[in-house]
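The opening residue of the sequence shown carries number 27 in our numbering; numbering runs sequentially from there.
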Amino acid sequence: MNNIAIFASGTGSNFEAIHKAIIDHKLQANLCVVICDQPQALVVQKANKRNIPVFSFQVKDYKNKKEYETNIVQILQQYHIDLIVLAGYMRLIGPTILKQYPRRIINIHPSLLPQFKGLDAVGQAMNAGVTTTGVTIHYVDEGMDTGEIIDQQSLDISLCDTREEIEFHIHEIEHKLYPKVIQKVLEELQ
Ligand code: GRF
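The structure is reproduced here in structure tokens:
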């Protein structure tokens with residue numbers, strides 16, 4: 027019970043961190059496949075470079091979201107995926123995938139949920155003037171960043187001057203925390 031799929035839309039730094047944790051034997055998982063909704067995303071090149079199969083799908087090529095997700099489910103079933111790991115996947119997971127993978131989809135979000143759900147959580151934190159933000163890993167349900175929280179880590183941003191600085195520290199936390207939490211979730215699936 028340790029076949030994982032990563033869903034991503036962008037840079038893929040979390041993909042790299044998870045892949046490295048597996049290579050370093052810190053995470054006992056088979057990273058079977060990357061699903062991406064942006065064919066030009068950097069994560070596609072990163073997966074190719076590491077010989078991880080990557081499938082790019084664009085919603086606009088399908089009649090509707092149900093057909094798009096049905097195609098993804100077919101791929102996940104081919105690889106016998108046990109856990110879906112969202113890492114910067116910029117789309118809500120719909121019922122077609124959710125019903126096939128109950129409590130088997132997790133997401134990482136750059137805030138201390140329930141604060142600052144949705145897009146640009148770092149910008150939201152900066153605008154709100156908070157001195158502490160952080161990272162949350164949670165199960166995925168039909169809502170936007172609303173599923174049960176699995177783990178969180180806070181970050182003091184009172185001394186950070188720029189968005190880049192905050193994002194740098196957020197990523198540092200994410201890259202350590204996500205592999206650890208994936209390991210724990212996989213163990214609980216056994
Ligand atoms: C991360 O900050 C994650 O919290 C959010 O999207 C970002 C993805 O970054 N959901 P990357 O593509 O893994 O570098």
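Idealized CB from N, CA, C, for every residue including glycine.
Quick caveat: nothing in here was measured; it's all calculated off a predicted structure.
Check                                                                                                                                                 : Outcome
Hey, how far is the Cα of V207 from the Cα of D87?                                                                                                    : 34 Å
For T157, count the other beta carbons within 10 Å of its own beta carbon; 16 or more makes it buried, fewer makes it exposed. Which is it?           : exposed
Just tell me which of I101, Y165 and E42 has its CA closest to the CA of V70.                                                                         : E42
By DSSP's criteria, A34 is part of a beta bridge. Which residues make up the other side?                                                              : C62
Note down the Cα distance separating I199 from H135, rounded to an integer number of angstroms.                                                       : 11 Å
Could you tell me whether any non-hydrogen atom of ligand 1 is closer than 7 Å to the CB of P136?                                                     : yes
With G160 as the anchor, note down where its beta strand (DSSP E) starts and where it stops.                                                          : T158 to Y165
Ligand 1 and L196: does the residue's C-beta get closer than 7 Å to at least one heavy atom of that ligand?                                           : A small fix is needed here, since residue 196 is Ile in this sequence, not Leu. I196 Cβ: within cutoff of ligand 1.
What are the residues that DSSP puts in a beta bridge with S39?                                                                                       : Paired residue(s): none; S39 is not in a bridge.
Pick helix, strand or coil for D182, following the three-state DSSP scheme.                                                                           : strand
So V99 packs on I132, CB below 8 Å; how close in whole Å?                                                                                             : No, V99 and I132 are not in contact; Cβ-Cβ is about 17 Å, not under 8 Å.
By Cβ distance, which residues of its chain are closer than 7 Å to R76, with the 5 residues on each side in sequence left out?                        : H45
Which whole-angstrom value describes the C-beta separation of K92 and V85, a residue pair presumed to lie in contact below a C-beta threshold of 8 Å? : About 11 Å separates the two Cβ atoms, so there is no contact after all.
V99 lies in the alpha helix (DSSP H); which residues open and close that run?                                                                         : K91 to Q104
Would you identify the three-state DSSP class for L109, choosing helix, strand or coil?                                                               : strand
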